[in-house]
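Okay, structure first, notes after.
Residue numbers (UniProt numbering): 1 to 631.
Below is the structure:
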């Protein structure tokens, strides 16, 4: 299933109360606390009914015929009523404690579930807006909705038990009272469920607006863009755009709310009329002598308990339905399937590599697009071989590295490592044998040591290999000079943190790639942020430090490319040239053209045009020069 093809059925009233999955989520996170919560709620549900019955006995004892042992019975009944009241208070206090712990356990576990699912998803989903809508809704609902579902279910169960007991008492008086109360509640439930559906529909419609608003807020409240926000003074424009988004959402919510309160007033007024009519019926029966004073107290109390339990029961059902609708956004995210699946029985990859990687007839389009990115690409990287991939921007170089790491699968052809098709390999095992540094390498707000060793997450952070990797990348001396050395947090937004330059960040990324004891190192523009001296020093020792590992280097700097074993030229998604640096210069094709053009900038034979430059000077600058580029 591709990111763009996934669909989800919109929940409706007929299937809105399927809460078994939510209960499992809560149970898995906090089983003992969930049992404790149910037990306490069950006790709380019977306390009001027991208290009512004791009050009836007390009134009957007081108004009973002479000769009864009221003086002895009443103190005992009062003590029992007090004991029930204290039990109810104790259960309420304990329930607050249990619910707090349970809620935190469930929230933390659900965050972990969403995080685990997020890192398991293919890269394709992170380039798809529909996926981010699902992720946004899941992140918002995961911490609270499951526990609210279970809390709502237990509250409905508790109030329902209390309600059923009270209705059973009223049924002893007359079935018409029960029928009137239930009939008056039907419109209330129906309109509250409708309101929940409208809120859910609006929530899905405003997901993109919510995400846009969050992004705009981050633009002006974080350090990432603080310099440009101030230099270009576009902060007020962002604030206005954010306010417009919030106003649009607020207007839609107000429309739904206005409709809801009118319906709520009408339906609850009808229910109130039915309730007071029932009270009048009970009072009239007592005046006629059909009901004792004790029974009157019990029925009046039962009626009040029924009304008190009916409202939260109906409200709980509506809220339960609403929570379940919103929780479907979480399940929608959790049910997304990977488009790059792991094989059920993966084929192991032999190490060390003796055959290397072969790319055979690869064709590729990004999911949801028709543009051909790679078309019939053939190339190979032998064991210990260092090759370069060059070409114009947008020719497909980085896309090819994504296929090598199986972030995507090709549409045509295949890639093999040691003769094994990547589709037959364990994704984790494959990626464990490849180190990659992309152009947009990560700048993590972790310590310098952690920034390096996350390249091999299972290694000891204090392994000497961490500092060896830093020395290899030329960043060791800079790290040592930081306030806490390798234990310095690399962010000024955190206490005692420090910030690196762009070039230093790139060296740190190179160290991260090196520390992973992989069979292949993939470097995408590895020295684009380094100065000329640092770049020369890096590549001067690269082959020695590669220690027999294969390497694929993508670079626009031909001073780098000259040092590799073989060069592949990618243009328009196809390999159009391959060979050594000297062979490609002799071929006088695209590679030679790009190389000579770049060399001309360095020796001064080619220079940018100025708008105010006289025409004759432009012609002179463009005239053939005698400078020769050596290979």
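Glycine is no exception: its CB is placed at the ideal position from the N, C-alpha and C atoms.
| query | result |
| --- | --- |
| Could you check whether residue 197 and residue 327 sit closer than 8 Å to each other, using their CB atoms as the reference points? | no |
| If you follow the beta strand (DSSP E) that residue 232 is in, where does it begin and where does it stop? | It is not in any beta strand (DSSP E) - residue 232 carries neither H nor E in the DSSP assignment. |
| Could you tell me whether the Cβ atoms of residue 442 and residue 316 are closer together than 8 Å? | no |
| Note down the Cα distance separating residue 594 from residue 128, rounded to an integer number of angstroms. | 34 Å |
| When you compare the CB positions of residue 400 and residue 389, do they come within less than 8 Å of one another, or not? | yes |
| For residue 571, which beta-bridge partners are listed by DSSP? | 574 |
| Report yes if the C-beta distance between residue 413 and residue 361 is below 8 Å; otherwise report no. | yes |
| Go ahead and pull the three-state DSSP assignment for residue 436. | strand |
| Using the Cβ count rule (16 or more neighbours within 10 Å means buried), how would you classify residue 32? | exposed |
| For residue 110, count the other beta carbons within 10 Å of its own beta carbon; 16 or more makes it buried, fewer makes it exposed. Which is it? | buried |
| For residue 305, which residues in the same chain have their Cβ closer than 6 Å to its Cβ, ignoring the five residues on either side in sequence? | 48 and 166 |
| Report the rounded CA-to-CA distance for residue 330 versus residue 114, giving the unit in angstroms. | 8 Å |
| Answer yes or no: do residue 549 and residue 384 have a C-beta to C-beta separation smaller than 8 Å? | yes |
| Between 479, 132 and 29, which lies nearest to residue 101 when the distance is taken from Cα to Cα? | 29 |
| List the endpoints of the continuous alpha helix (DSSP H) containing residue 503. | 502-515 |
| Please classify residue 206: does DSSP put it in a helix, a strand, or coil? | coil |
| Closest to residue 148 by C-alpha separation, out of 223, 320, 163 and 175, would be which residue? | 320 |
| What does the alpha-carbon distance come out to for the pair residue 106 and residue 25? | 8 Å |
| Can you list, in chain order, the residues of its chain whose CB lies under 7 Å from that of residue 162, leaving out five sequence neighbours each side? | 45, 48, 49, 305 and 309 |
| If you compare alpha carbons, which of 168, 391, 96 and 38 is closest to residue 558? | 391 |
| State the start and end residues of the unbroken beta strand (DSSP E) segment that holds residue 559. | From DSSP, residue 559 is part of no beta strand (DSSP E) but of the alpha helix (DSSP H) over 558-561. |
| At the level of alpha carbons, what is the spacing between residue 378 and residue 437? | 23 Å |
| Note down, in chain order, each residue of its chain lying with its Cβ closer than 6 Å to the Cβ of residue 477, except the 5 sequence neighbours on either side. | none |
| Just to check my reading of the structure: residue 592 and residue 339 have Cβ atoms closer than 8 Å, yes? What is that Cβ distance to the nearest angstrom? | The pair is not a contact, with the Cβ atoms about 40 Å apart (cut-off 8 Å). |
| For residue 550, which three-state DSSP category applies? | strand |
| If we ignore side chains and look at the alpha-carbon of each, how far apart do residue 137 and residue 126 end up? | 15 Å |
| Confirm, please, whether the CB-CB distance from residue 347 to residue 466 is below 8 Å. | no |
| Give the straight-line distance between the Cα atoms of residue 622 and residue 597, rounded to the nearest whole angstrom. | Bear in mind that the predicted position of residue 622 carries a pLDDT of just 44, short of 50, making it unreliable; the figure below should be weighed with that in mind. About 12 Å. |
| Mind listing, in chain order, the continuous beta strand (DSSP E) runs of no fewer than 3 residues lying wholly within the stretch 429-479? | 434-437 |
| What does DSSP give as the partner residues of residue 364 in its beta bridges? | 374 |
| For the beta strand (DSSP E) holding residue 413, just list the boundary residues, first then last. | 412-417 |
| Would you tell me roughly how many angstroms separate the C-alpha atoms of residue 408 and residue 561, rounded to the nearest one? | 27 Å |
| Count the other C-beta atoms from every protein chain shown that fall within 10 angstroms of the C-beta of residue 480, then say buried if there are 16 or more, exposed otherwise. | exposed |
| Name the DSSP bridge partner or partners of residue 248? | According to DSSP, residue 248 bridges with nothing at all. |
| Since residue 435 and residue 521 are thought to touch, with beta carbons under 8 Å apart, how far apart are those beta carbons, to the nearest angstrom? | 5 Å |
| Using only the alpha-carbon positions, how far apart do residue 97 and residue 253 sit? | 34 Å |
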